[in-house]
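Below: the structure, in structure tokens.
2 protein chains.
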Amino acid sequence: MRVLILGGDGYLGWPTAMYLSRRGHAVALLDNFVKRRWEAETGGRPLIDVPKLPDRVRAWSRISGRDIAHYDVDLCDYASVVRVLADTAPDVIVHYAEQPSAPFSMIDVHHAAATQSNNVIGTLNLLWALRDHRPSTHLVKLGTMGQYGTPNIDIEEGFLEIRHNNRTDRLPFPCQPGSFYHLSKVHDSHNVRFACAAWGLAATDLNQGVVYGIETDETKLDPALSTSFHYDAVFGTVLNRFCVQAILGTPLTVYGRGGQKRGFINIRDTLRCVELALLNPAPAGEYRVFNQFTEVFGVAELAETVVHSATRLDIRSRIDHLPNPRVEREDHYYNPVGSGLTALGLEPHLLSQELVGSMLRNIGAHTDSIDRAAILPVTNWRRELPATPLLARG
Amino acid sequence: MRVLILGGDGYLGWPTAMYLSRRGHAVALLDNFVKRRWEAETGGRPLIDVPKLPDRVRAWSRISGRDIAHYDVDLCDYASVVRVLADTAPDVIVHYAEQPSAPFSMIDVHHAAATQSNNVIGTLNLLWALRDHRPSTHLVKLGTMGQYGTPNIDIEEGFLEIRHNNRTDRLPFPCQPGSFYHLSKVHDSHNVRFACAAWGLAATDLNQGVVYGIETDETKLDPALSTSFHYDAVFGTVLNRFCVQAILGTPLTVYGRGGQKRGFINIRDTLRCVELALLNPAPAGEYRVFNQFTEVFGVAELAETVVHSATRLDIRSRIDHLPNPRVEREDHYYNPVGSGLTALGLEPHLLSQELVGSMLRNIGAHTDSIDRAAILPVTNWRRELPATPLLARG
Chain E
1 MRVLILGGDG YLGWPTAMYL SRRGHAVALL DNFVKRRWEA ETGGRPLIDV PKLPDRVRAW
61 SRISGRDIAH YDVDLCDYAS VVRVLADTAP DVIVHYAEQP SAPFSMIDVH HAAATQSNNV
121 IGTLNLLWAL RDHRPSTHLV KLGTMGQYGT PNIDIEEGFL EIRHNNRTDR LPFPCQPGSF
181 YHLSKVHDSH NVRFACAAWG LAATDLNQGV VYGIETDETK LDPALSTSFH YDAVFGTVLN
241 RFCVQAILGT PLTVYGRGGQ KRGFINIRDT LRCVELALLN PAPAGEYRVF NQFTEVFGVA
301 ELAETVVHSA TRLDIRSRID HLPNPRVERE DHYYNPVGSG LTALGLEPHL LSQELVGSML
361 RNIGAHTDSI DRAAILPVTN WRRELPATPL LARG
Chain U
1001 MRVLILGGDG YLGWPTAMYL SRRGHAVALL DNFVKRRWEA ETGGRPLIDV PKLPDRVRAW
1061 SRISGRDIAH YDVDLCDYAS VVRVLADTAP DVIVHYAEQP SAPFSMIDVH HAAATQSNNV
1121 IGTLNLLWAL RDHRPSTHLV KLGTMGQYGT PNIDIEEGFL EIRHNNRTDR LPFPCQPGSF
1181 YHLSKVHDSH NVRFACAAWG LAATDLNQGV VYGIETDETK LDPALSTSFH YDAVFGTVLN
1241 RFCVQAILGT PLTVYGRGGQ KRGFINIRDT LRCVELALLN PAPAGEYRVF NQFTEVFGVA
1301 ELAETVVHSA TRLDIRSRID HLPNPRVERE DHYYNPVGSG LTALGLEPHL LSQELVGSML
1361 RNIGAHTDSI DRAAILPVTN WRRELPATPL LARG
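So, in structure tokens, the structure goes:
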């Protein structure tokens, strides 16, 4: 298949590109590298510098013998998006090209507006470009489990059969997102659903849990092929941060009581899920949603797993509870359904002591590169506690 | 109360300003006049030219003896919004400042992006400005009944008690909006709900039906105080268009079978609903939703009402069914609940033969000003039928 990956320079975009290229798909990438600028601005650089995209693509060509095309294009630039579609004639588009951080979107009005503008208008441009130029292309868009919030009922996959006053309908699952980032993904989902209904486009929304892991079969082939590892308070995710804190010997910082439950997924399974979606496309006119996670953990429980794994490597670590910078429930029901991708053939890589141990060893080899100042949260969801100006952090 | 009205130059904003000013509130207006530019671009000028805002305000001062402040400011300009909040110190903000047309939002990618960018980022700026500078201000925001779409269950006011797998929760009512305009209002509602939950803001979302009518007690005081009357395919609403078509002696154009049901409300009741919301504010931290309509009509039924009223004035008219330019159900269940505003004291002005007769007489006095070319739809929701370029219409 001809696959166009939007956000192809990112944590998931680049490993997805190599994974699909290796399986014989013709892969092209689009990225405008704004994420690297945002990282520089917020002090959230990855643990190990990753090569620039042209160098990554060259390394992949040298190592695998396969070529990947790439375009320096902003999704908000409609004319350029149309040009890339004409150039690449994709059968499938995998859309990762969004600002992915909840704390970033809560820094101030400008970061909130940049997040919603980039994500919502970028995706809107893409939908119109597909309508006018490639309506048969299957859009595989990354959403997030965070769109649902933490309702007191089971979380179905995108839709819910509702009975009310003796009548029934199948309606979009009610969402209660908890940041302007998560809100932007809900806005996207509504726009995509409408475009499928009105224009007959075909789309799969992959509502993904928190991704962890740094290695895939392809990143392991050569250091030049590695993907970015974020552990900072803005772009890092929770397991990564806990591992880095264990290596530093500083307390693992759990936000609040730590009873917050979330869906999690190994980066290897992300790649497989995307492959399953593209091999089993949604039919024309269908907006399909899968919940893309393999396990549910509480945040404190995850911290304990890291402490335990660290102990096995003779690293002593402990847990601290910080005042929660986010507004979220810290003790709640959480039962998402994730049967769609399993039915298509997903065989999960579950989180194991071995995997956490290997992450710890990986990080331990780069201890000197860790920026300790970037780990603790500086952005607060609450009005009473104004956000610390980011620049003050140095 | 000190009331700041956003979109104070508009069809509803200006009559609301006079209504509240007359009742002793200190009223200030904000508008950037982009709607007048959009009208000029799409050929959707009001039937009777309305004076510029400074002239309207001067006329109101002369006639009523009351002053209204006004600001030429774009809601997307955060610094200016903050300045207006500081200047006016509002107890209540009434927010009409959005691109209000579904067909406008469906013209092409640029109009879709302009709609979502203007509406969503404008409201987002407002929320942050309230957070940082006026958190105790009550936000009264105009939403639309179109946010819900046409589900096969009763439409509650913003939220729904859902029972699923033996558990229950009160969740946002699932929305299925049918244009990029309606989608922008759903995005807004999600953003406002979150801002109330995270920051303790107080907001009332008035999900309004289709407004009809041209006269209020204040517009009748002097021709210089009249509000805009739109009948064109872009900014006109259905009852207005039918009345204009009856006066012209051209067929009343029903889109499709005409079984589409919608909530309707008289402009006088809009003003009263806004007043009821501001006199009974939502408490801090609450996002409250009212469905603001007084009657439900089918589109074909409404056309028949106009034909009947016209006959009583010796005007012969007939109905034509056009291929529906929109993607929507033409025969569906529709039962919205609207008890919140009734409980606060709303006494509806229902649609009567007298009211339609008075609209027909009003329009008849300006027959020569009607632009016949602006009435029929040029924008199509479907992919197969590309939109006619607007400029080609002359």
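Chains as they are written, first to last, in this note's numbering: chain E, 1 to 394; chain U, 1001 to 1394. All C-beta atoms, glycine included, are put in the ideal place defined by N, C-alpha and C.
Q: Determine the burial state of residue 1369 of chain U: buried for a count of at least 16 other Cβ atoms within 10 Å of its Cβ, exposed for fewer.
A: Indexing the second sequence from 1 puts residue 1369 of chain U at position 369. Classification of residue 1369 of chain U: exposed, given that the 10 Å Cβ count is below 16.
Q: Take residue 87 of chain E as the anchor and find which of E/251, E/129, E/193 has the nearest alpha-carbon.
A: Reading the first sequence from its first residue, position 87 is the one you call residue 87 of chain E. For the residues E/251, E/129, E/193, the minimum Cα distance to residue 87 of chain E belongs to E/129.
Q: Check whether the Cβ atoms of residue 1276 of chain U and residue 1341 of chain U sit closer than 8 Å, and answer yes or no.
A: As a first step, residue 1276 of chain U must be located in the second sequence, where it is residue number 276. As a first step, residue 1341 of chain U must be located in the second sequence, where it is residue number 341. Result yes, Cβ atoms of residue 1276 of chain U and residue 1341 of chain U sit closer than 8 Å.
Q: Could you spell out the range, first to last residue, of the alpha helix (DSSP H) harbouring residue 15 of chain E?
A: As a position in the first sequence, residue 15 of chain E is number 15, starting the count at 1. Taken as a continuous stretch (DSSP letters only), the alpha helix (DSSP H) holding residue 15 of chain E covers 13-22.
Q) Excluding the five sequence neighbours on either side, which residues of its own chain have a C-beta within less than 7 Å of the C-beta of residue 1302 of chain U, listed in chain order? A) Here residue 1302 of chain U corresponds to residue number 302 of the second sequence, with the count starting at 1. Result list for residue 1302 of chain U: 1238, 1239, 1242, in chain order.
Q: Determine the extent of the beta strand (DSSP E) in which residue 1071 of chain U is found, giving its start and end residues.
A: As a position in the second sequence, residue 1071 of chain U is number 71, starting the count at 1. Element bounds for residue 1071 of chain U: 1069-1072.
Q.
Just verifying my parser: in three-state terms, what is the DSSP assignment at residue 253 of chain E?
A. Position 253 of the first sequence holds residue 253 of chain E. If DSSP states are grouped into helix, strand and coil, residue 253 of chain E belongs with the strands.
**Q.** Contacting residues, own chain, Cβ-Cβ under 6 Å from residue 1256 of chain U (five flanking each side not counted)
**A.** Residue mapping note: residue 1256 of chain U aligns to position 256 of the second sequence, counting from 1. Cβ within range, chain order: 1324, 1330.
(Q) Can you confirm whether the segment 156-175 of chain E touches the segment 1150-1164 of chain U when touching is taken to mean that 3 or more C-beta pairs between the two stretches lie within less than 8 Å? (A) yes
Q. If you draw a straight line from the C-alpha of residue 42 of chain E to the C-alpha of residue 36 of chain E, how long is it?
A. On the first sequence, residue 42 of chain E is found 42 positions in, with the first residue counted as 1. On the first sequence, residue 36 of chain E is found 36 positions in, with the first residue counted as 1. C-alpha separation (whole angstroms): 10 Å.
Q.
Given 7 Å as the limit, tell me if residue 1349 of chain U has its C-beta closer than that to any heavy atom belonging to the ligand FAD.
A. Within the structure as shown, the ligand FAD is missing, as the structure has no ligands at all.
**Q.** Listed by chain order, chain E residues near residue 1200 of chain U by CB distance under 8 Å
**A.** As a working note, residue 1200 of chain U is residue 200 in the second sequence. Near residue 1200 of chain U (Cβ distances below 8 Å), the residues of chain E are 383.
**Q.** Same chain only: Cβ atoms within 7 Å of residue 1121 of chain U, ignoring 5 sequence neighbours per side
**A.** In the second sequence, the residue the question calls residue 1121 of chain U occupies position 121. Only 1076 meet the Cβ criterion.
Q: Could you check what DSSP says for residue 78 of chain E in three-state terms: helix, strand or coil?
A: The sequence position of residue 78 of chain E within the first sequence is 78, counting from 1. Reduced to three states, the DSSP call for residue 78 of chain E is helix.
Q.
Residues of the segment 1116-1130 of chain U in Cβ contact with chain E at a cutoff of 8 Å, in chain order, please.
A. 1116, 1117, 1120, 1121, 1124, 1125, 1128, 1129
(Q) The alpha helix (DSSP H) that contains residue 180 of chain E, what's its start and end? (A) On the first sequence, position 180 is the one that residue 180 of chain E refers to. Taken as a continuous stretch (DSSP letters only), the alpha helix (DSSP H) holding residue 180 of chain E covers 180-199.
**Q.** Any chain U beta carbon closer than 8 Å to residue 388 of chain E
**A.** As a first step, residue 388 of chain E must be located in the first sequence, where it is residue number 388. The pLDDT assigned to residue 388 of chain E is 40, lower than 50, so where the model puts this residue is not dependable; a value taken from the coordinates is nonetheless given after this. Chain U, which has no Cβ nearer than 8 Å to the Cβ of residue 388 of chain E, makes this no.
(Q) Looking only at its chain, what residues have a beta carbon closer than 7 Å to the beta carbon of residue 1231 of chain U, apart from the 5 residues adjacent to it on each side? (A) Here residue 1231 of chain U refers to the residue found at position 231 when the second sequence is read from its first residue. Contacts found: 1047, 1240, 1241, 1244, 1375.
Q) Near residue 152 of chain E, which residues of its chain fall below 6 Å by C-beta distance, leaving aside the five closest residues on each side in sequence? A) Counting from one through the first sequence, the residue named residue 152 of chain E turns up at place 152. Closer than 6 Å at the Cβ level, and outside the excluded window around residue 152 of chain E, lie 333.
Q: For residue 169 of chain E, go through chain U and note every residue whose CB falls closer than 7 Å to its CB, in chain order.
A: Locating residue 169 of chain E in the first sequence gives position 169, counting from the first residue. The answer, in chain order, is 1151, 1152, 1153.
**Q.** Backbone CA spacing between residue 266 of chain E and residue 359 of chain E [nearest angstrom]
**A.** As a first step, residue 266 of chain E must be located in the first sequence, where it is residue number 266. As a first step, residue 359 of chain E must be located in the first sequence, where it is residue number 359. Distance between the alpha carbons of residue 266 of chain E and residue 359 of chain E is about 12 Å.
Q. Looking at residue 1142 of chain U and residue 1206 of chain U, is the spacing between their C-beta atoms short of 8 Å?
A. Along the second sequence, read from residue 1 onward, the residue named residue 1206 of chain U stands at position 206. Along the second sequence, read from residue 1 onward, the residue named residue 1142 of chain U stands at position 142. Against a cut-off of 8 Å, the Cβ pair of residue 1142 of chain U and residue 1206 of chain U comes out as a contact.
Q) Can you tell me where the beta strand (DSSP E) with residue 1141 of chain U in it begins and where it stops? A) Along the second sequence, one-based indexing puts residue 1141 of chain U at 141. Taken as a continuous stretch (DSSP letters only), the beta strand (DSSP E) holding residue 1141 of chain U covers 1138-1144.
Q) What does residue 197 of chain E touch in chain B if you count any residue whose Cβ is under 9 Å from its own? A) Considering every chain present, this structure includes no chain B. Its protein chains are E and U.
Q.
Against chain U, does residue 187 of chain E count as a neighbour if the rule is that its beta carbon must be under 8 Å from one of theirs?
A. As a working mapping, residue 187 of chain E is identified with position 187 in the first sequence. Chain U contact via Cβ: present.
Q: Please list the segments of the beta strand (DSSP E) lying wholly inside the segment 1088-1172 of chain U, counting only runs of 3 or more residues, in order along the chain.
A: 1092-1095, 1138-1144, 1159-1164, 1167-1172
Q: Please list, in chain order, all residues of the same chain as residue 1218 of chain U whose beta carbon is under 7 Å from its beta carbon, the five residues on each side excluded.
A: In the second sequence, the residue the question calls residue 1218 of chain U occupies position 218. The answer, listed in chain order, is 1015, 1018, 1019, 1022, 1225.
Q: Classify residue 10 of chain E as helix, strand or coil using the three-state DSSP reduction.
A: Residue 10 of chain E sits at position 10 when you count from the first residue of the first sequence. Reduced to three states, the DSSP call for residue 10 of chain E is coil.
Q: Over the uninterrupted alpha helix (DSSP H) stretch that includes residue 1344 of chain U, give me the two end residues.
A: On the second sequence, residue 1344 of chain U is found 344 positions in, with the first residue counted as 1. That run of the alpha helix (DSSP H) goes 1339-1344.
Q. Which whole-angstrom value is the C-beta distance of residue 119 of chain E and residue 188 of chain E, which I expect to be below 8 Å?
A. Taking the first residue of the first sequence as position 1, residue 119 of chain E is located at position 119. Taking the first residue of the first sequence as position 1, residue 188 of chain E is located at position 188. Residue 119 of chain E to residue 188 of chain E, Cβ: 6 Å. Contact.
Q: Under 9 Å between beta-carbons, which chain U residues line up against residue 172 of chain E? List them in chain order, please.
A: As a working note, residue 172 of chain E is residue 172 in the first sequence. Per Cβ cutoff of 9 Å: 1174, 1175, 1176.
Q) Between residue 4 of chain E and residue 95 of chain E, what straight-line distance do the alpha-carbon atoms span, to the nearest angstrom? A) The count along the first sequence starts at 1 and reaches residue 4 of chain E at position 4. The count along the first sequence starts at 1 and reaches residue 95 of chain E at position 95. Going from the Cα of residue 4 of chain E to the Cα of residue 95 of chain E covers about 8 Å.
Q: Anything in chain E within Cβ reach of residue 1160 of chain U, meaning under 8 Å, just list it in chain order.
A: Within the second sequence, the letter at position 160 stands for residue 1160 of chain U. The contacting residues are 162, 164, 174.
Q. What does residue 191 of chain E touch in chain U if you count any residue whose Cβ is under 7 Å from its own?
A. By 1-based counting over the first sequence, the position of residue 191 of chain E is 191. By Cβ distance, chain U contributes 1183.
Q: To the nearest angstrom, report how far apart residue 32 of chain E and residue 82 of chain E are at their CA atoms.
A: Translated into positions along the first sequence, residue 32 of chain E becomes position 32. Translated into positions along the first sequence, residue 82 of chain E becomes position 82. Distance between the alpha carbons of residue 32 of chain E and residue 82 of chain E is about 15 Å.
Q) Which residues mark the beginning and the end of the alpha helix (DSSP H) in which residue 1272 of chain U is found? A) For this step, residue 1272 of chain U is matched to residue 272 along the second sequence. First-last of the alpha helix (DSSP H) with residue 1272 of chain U: 1267-1279.
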